[in-house]
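Worksheet: one structure, shown below.
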Amino acid sequence: MSFLSKLVTLFGLVLLTHAGYSAHEHTVLFNNTRLALPHDIIVETLVAVVIVSIGLVLGADKLKPISWRDWAGQIERDGGARNPYLGLEERYGFWDIRAQVEPVLAMALRLCSRVSGIVVEHALTISQAKRKEFGDWMRGQDLPAKQ
Amino acid sequence: MGAPVDVREINGSDLISALHLAQQAPAILGPNPTKATTSTTGTAEEYSQLEQLFLACLRTGDDQSAQACLDRLSHRFGPANERVMGLCGLYQEATAKDRAALEKCLEEYEKILSESPVNVPIMKRRVALLRSLDRPTDAIAALIQLLDALPTDAEAWCELADLYQSQGLGSQAIFSLEEALLIAPNAWNIHARLGELLYVSSSAPDSDASRLGSKSVQHFCRSIELCDDYLRGFYGLILATSRMLENGHADERPSDPTVAPKKTLDQLKGFGLQRLREIVESRSVDDQHWASSRSELIAAKELLNRFTSS
Amino acid sequence: MAPTKQELSLLINPLVPEAVQHNNRVLSSLHSLTAFLLGLSAGILALQSATGFAFYFLGTVLVSGLFHLALIQRSSGAGAGAFFPGSNGGEIEGSVAIGKDGVVRMDLVESSKKRGGFVLRKGAWRDVWFGGGVLSEALSGFVLGWTGVGGVLR
Chain A
9 MSFLSKLVTL FGLVLLTHAG YSAHEHTVLF NNTRLALPHD IIVETLVAVV IVSIGLVLGA
69 DKLKPISWRD WAGQIERDGG ARNPYLGLEE RYGFWDIRAQ VEPVLAMALR LCSRVSGIVV
129 EHALTISQAK RKEFGDWMRG QDLPAKQ
Chain R
315 MGAPVDVREI NGSDLISALH LAQQAPAILG PNPTKATTST TGTAEEYSQL EQLFLACLRT
375 GDDQSAQACL DRLSHRFGPA NERVMGLCGL YQEATAKDRA ALEKCLEEYE KILSESPVNV
435 PIMKRRVALL RSLDRPTDAI AALIQLLDAL PTDAEAWCEL ADLYQSQGLG SQAIFSLEEA
495 LLIAPNAWNI HARLGELLYV SSSAPDSDAS RLGSKSVQHF CRSIELCDDY LRGFYGLILA
555 TSRMLENGHA DERPSDPTVA PKKTLDQLKG FGLQRLREIV ESRSVDDQHW ASSRSELIAA
615 KELLNRFTSS
Chain P
136 MAPTKQELSL LINPLVPEAV QHNNRVLSSL HSLTAFLLGL SAGILALQSA TGFAFYFLGT
196 VLVSGLFHLA LIQRSSGAGA GAFFPGSNGG EIEGSVAIGK DGVVRMDLVE SSKKRGGFVL
256 RKGAWRDVWF GGGVLSEALS GFVLGWTGVG GVLR
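Residue numbers (the numbering used here), protein chains in the order written: chain A, 9 to 155; chain R, 315 to 624; chain P, 136 to 289.
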């Protein structure tokens, strides 16, 4: 709900409350339910209804397109990570984990080379080292405060 | 779990995001990752996030965090849970030091399967391991066995297609993907994949090029119909139609009614080029947002350049 | 048995069930909120019997009209068909049929081509105006507010 719609709804509710209070006082004052309400209270109520309706309509949740192509297109525009059929191409159940590790090493090297020369040197040594050392190094990157 | 990156948004194929996720493992798992938490509560979503984290950690070589994830999962669901067993097998494969250790994993799987023959995650691990050990024929046999027991598993059909393709068996791969499409008829990426397979098969010397090419065009068209502005679909459509036109497989009035006439192919190619140009223009405006699909974008630009220069 | 037009429409242009549910939820929550509000106003105005129900229907028409306007404006002209499947469950306006060669062909109606090739769905406007529990949950909410306020105030 946007700020504008909240404001409009709140204003309409205040009007409605005021109208309700006026109607109540009017009834108590004249002690007669058959007597018609004054016009200003009626108008105030109707205006309040219209204003609150506008506020609620404006503040309603955004609708989602129901066409498959619109929905799928939005997913692809967001990078395709939410694609429910991504699993059919990734196939986690059939993951060859040993083939997955090497490209990440290469990627880490590329990332590091942007940071600094020292890190590159470090990365070059770990790329020749074993997986475990690389794992320890990865963890170390996150916790510089503890070292 | 106060993860700064939304774990659900992680694209599995994207190495950078996997790396980022794995780097947060110590923060997500807490200060004492080796000790499994005693609580057995938690939503299903939390546990699927934990599974994702486990995979990302294994992938980046962070075995210690992966072990912690696995401990939590098996603490919650019990070590006899089929999915946990599958993950456990994955962990052992990843940490296996040599070929002998992998063979031992395989024996382990076979032992489990002799006790419970339809343990699907373990069956899948076995196929993957056989493939990893360069035994594709055994892997295919095992996969067919799995599909006999469970013919509605689209993931397995796709893996079978991939295996066949790696063995150069194009028509079998196409059949497998068509089976997968029967299960998931609206999967636009599988339509595009099938289009790509058909495109590759149509370049084989002794193939029915016009029929395969035309089918490939059809599947690319369907993937575009199912997904607005699908870059991969348009890319394939342009490639497939232009090959049909160049190789003279396009007739004004084809004898086979399923083969599209030349005029339609021309129109499709023009449409594909126009839309691809629009997509490339709209996406290169903010490069940052398209970080994960940058290579696709570069390929599309090259294709467009090739057609504008020729 | 030959497939019906609705089945062919769904084949060519599938719907996303999640989005349909979400939209229906948005619509019904809007209608229940406004119905309760209309009930309060009817109580304040001390409307009785048929007048009260007439007030409810007028108010609902107003809200539906506003909602439809906002929807057309937000969807840049695609109309209700972009968000609601319509009374026939997703059947599109235009012709969908299987030809002799076994190919399914779809032709959009003229009015949708003029508006930029949007898919129009048959009877989708009816979902906006009569859907969202206008005659069931929302009506009971209205009666609750109506009698409650009427009893306290007057």
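All C-beta atoms in this analysis are idealised placements derived from N, C-alpha and C, irrespective of residue type, glycine included.
- Nearest to residue 481 of chain R by C-alpha distance, out of R:449, R:419, R:465, is R:449.
- Under the Cβ criterion (8 Å, minimum of three pairs), the segment 21-33 of chain A counts as touching the segment 177-191 of chain P.
- Closest by C-alpha distance to residue 541 of chain R, out of A:88, A:105, A:55, A:61, is A:88.
- When the Cα atoms are used, residue 35 of chain A and residue 175 of chain P turn out to be separated by approximately 16 Å.
- Judged by DSSP secondary structure, residue 59 of chain A falls within the alpha helix (DSSP H) whose first and last residues are 47-67.
- Residue 232 of chain P carries a strand assignment under DSSP once its states are collapsed to helix, strand and coil.
- In the three-state scheme derived from DSSP, where H, G and I count as helix and E and B as strand, residue 99 of chain A is classed as coil.
- Within 10 angstroms of the beta-carbon of residue 428 of chain R lie fewer than 16 other beta-carbons, which makes it exposed.
- Between residue 84 of chain A and residue 199 of chain P, the alpha-carbon positions lie close to 33 Å from each other.
- Per DSSP, the beta bridge partners of residue 75 of chain A are P:150.
- Taking C-beta separations shorter than 8 Å and ignoring five residues to either side along the sequence, the partners of residue 454 of chain R in its chain run 474, 477, 478, 481, following chain order.
- Counting of Cβ neighbours within 10 angstroms places residue 166 of chain P among the buried residues, the total reaching 16 or more.
- Between residue 74 of chain A and residue 407 of chain R, the C-beta gap is not smaller than 8 Å, which leaves the two residues out of contact.
- Counting only Cβ-Cβ distances below 9 Å, residue 32 of chain A has contacts in chain P at 179, 287, 288, 289, in chain order.
- Measuring C-alpha to C-alpha distances from residue 613 of chain R to each of R:545, R:394, R:560 identifies R:545 as the nearest.
- Interface with chain A (8 Å Cβ-Cβ cutoff): residue 438 of chain R is included.
- Per the coordinates, the alpha-carbon of residue 171 of chain P lies some 5 Å from the alpha-carbon of residue 276 of chain P.
- Not a single C-beta of chain A is nearer than 8 Å to the C-beta of residue 255 of chain P.
- Counting other Cβ atoms within 10 Å of its Cβ, residue 517 of chain R stays below 16 and is therefore classed as exposed.
- Just measuring C-alpha positions, the residue of R:494, R:509, R:461, R:619 sitting nearest residue 95 of chain A is R:494.
- For residue 454 of chain R, the enclosing alpha helix (DSSP H) has its first and last residue at 450-463.
- Taking a C-beta distance under 8 Å as the contact criterion, residue 528 of chain R and residue 485 of chain R do not qualify as a contact pair.
- Contact with chain R is found for residue 105 of chain A, since one of that chain's Cβ atoms lies less than 8 Å from the residue's Cβ.
- Under the Cβ criterion (8 Å, minimum of three pairs), the segment 146-154 of chain P does not count as touching the segment 15-25 of chain A.
- When the Cα atoms are used, residue 535 of chain R and residue 263 of chain P turn out to be separated by approximately 33 Å.
- When C-beta distances to chain P are compared with 9 Å, the residues of the segment 68-92 of chain A below that value are 68, 69, 70, 71, 72, 73, 74, 75, 76, 77, 78, 79, 80, in chain order.
- Residue 163 of chain P places its beta carbon less than 8 Å from that of residue 267 of chain P.
- DSSP places residue 90 of chain A outside both helix and strand once states are collapsed to three, so it counts as coil.
- A straight line joining the alpha-carbon of residue 191 of chain P with that of residue 61 of chain A spans about 13 Å.
- Bounds of the alpha helix (DSSP H) holding residue 597 of chain R are 576-597.
- Two segments are said to touch when three or more pairs of C-beta atoms, one from each, lie closer than 8 Å; by this definition the segment 575-593 of chain R touches the segment 550-557 of chain R.
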